[in-house]
């Protein structure tokens with residue numbers, strides 16, 4: 164994982180349309196026409212986003228004549244997630260501080276820890 | 164988590180200097196002068212990066228007069244990681260395909276699955 168690849172991955176993810184395209188491709192490959200439909204956007208505008216995603220290696224185009232469906236290439240997303248993972252202790256610590264504060268405000272005895280799943284249910 | 168926050172987080176992460184600043188702040192808070200030192204970069208250039216990180220909510224500045232040390236604010240990193248997490252099945256599947264291919268090339272019987280830890284050790 165070169166710094167350049169991480170730059171390209173994070174830059175490609177910094178746009179809601181491009182994230183929505185990835186979410187669509189997570190359901191299965193799709194042609195450019197199929198990708199354009201859900202967006203209130205011209206095909207050239209969507210194609211520009213596809214080019215950014217393709218250059219970052221987040222999608223690829225099949226070599227079928229005409230349709231050339233796009234498909235998700237998840238490896239760079241995994242590398243980006245791995246980079247973020249190093250900071251997990253910091254956001255977890257923050258959630259624990261918020262939990263402690265909430266307990267204090269509600270006059271409860273502070274809990275030690277709480278699982279992610281439990282926190283999600285709140 | 165608004166789309167705008169994710170945009171800002173990913174855009175802020177799309178630069179090696181800004182990622183290095185976050186890595187430094189993960190070790191503890193630091194003044195601008197301390198943050199400038201390791202970089203072959205002018206203070207205004209580093210300050211510009213700090214502003215991007217601060218606007219994205221990834222760092223904050225303490226209100227101590229003069230020194231105003233910067234500190235890591237990890238919550239948006241956690242939200243970004245959560246977004247990426249939805250794609251985990253895709254990059255894991257890819258690793259499994261690579262494992263299977265490697266087994267095939269080495270003439271071994273395909274394994275069923277492999278833990279992340281084991282894969283990391285290779």
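Chains as they are written, first to last, in my numbering: chain Z, 164 to 285; chain C, 164 to 285.
Ideal Cβ placement from N, Cα and C applies to all residues, glycine included.
Supposed contact pair residue j and residue i - C-beta distance, whole angstroms, cut 8 angstroms
i	j	result
residue 171 (chain Z)	residue 218 (chain Z)	7 angstroms
residue 222 (chain Z)	residue 265 (chain Z)	Contact doesn't hold; Cβ gap of about 41 angstroms is too wide.
residue 186 (chain Z)	residue 174 (chain C)	So it is not a contact: roughly 19 angstroms between Cβ atoms.
residue 250 (chain Z)	residue 240 (chain C)	5 angstroms
residue 246 (chain Z)	residue 238 (chain C)	With a Cβ gap of about 17 angstroms, residue 246 (chain Z) and residue 238 (chain C) do not count as contacting.
Identity of the residues DSSP links to residue i by a beta bridge
i	result
residue 189 (chain Z)	Paired residue(s): none; residue 189 (chain Z) is not in a bridge.
Rounded straight-line distance, which links the Cα of residue j to that of residue i
i	j	result
residue 216 (chain C)	residue 271 (chain C)	48 angstroms
residue 280 (chain C)	residue 260 (chain C)	Confidence at residue 280 (chain C) is low in this model, with a pLDDT of 45, below 50, so its placement is unreliable and no value can be given for it.
residue 213 (chain C)	residue 224 (chain C)	10 angstroms
residue 248 (chain Z)	residue 244 (chain C)	7 angstroms
residue 256 (chain C)	residue 230 (chain C)	48 angstroms
residue 181 (chain Z)	residue 201 (chain C)	34 angstroms
residue 206 (chain Z)	residue 165 (chain Z)	32 angstroms
residue 228 (chain Z)	residue 220 (chain C)	46 angstroms
residue 178 (chain Z)	residue 204 (chain Z)	14 angstroms
residue 191 (chain Z)	residue 263 (chain C)	22 angstroms
residue 196 (chain Z)	residue 169 (chain C)	27 angstroms
residue 198 (chain C)	residue 226 (chain C)	17 angstroms
residue 167 (chain Z)	residue 209 (chain C)	19 angstroms
residue 267 (chain C)	residue 194 (chain C)	54 angstroms
residue 211 (chain C)	residue 269 (chain C)	51 angstroms
residue 242 (chain Z)	residue 252 (chain C)	13 angstroms
With a floor of 3 residues, list each beta strand (DSSP E) that falls wholly inside the segment 215 to 270 of chain Z, ordered by position along the chain.
-> Within the segment 215 to 270 of chain Z, the complete beta strand (DSSP E) runs of at least 3 residues are 222 to 224 and 233 to 235.
Count the CB pairs spanning the segment 230 to 239 of chain C and the segment 223 to 234 of chain Z that are closer than 8 angstroms, and state whether there are at least three.
-> The way I'd put it, the segment 230 to 239 of chain C doesn't touch the segment 223 to 234 of chain Z; fewer than three beta-carbon pairs between them come closer than 8 angstroms.
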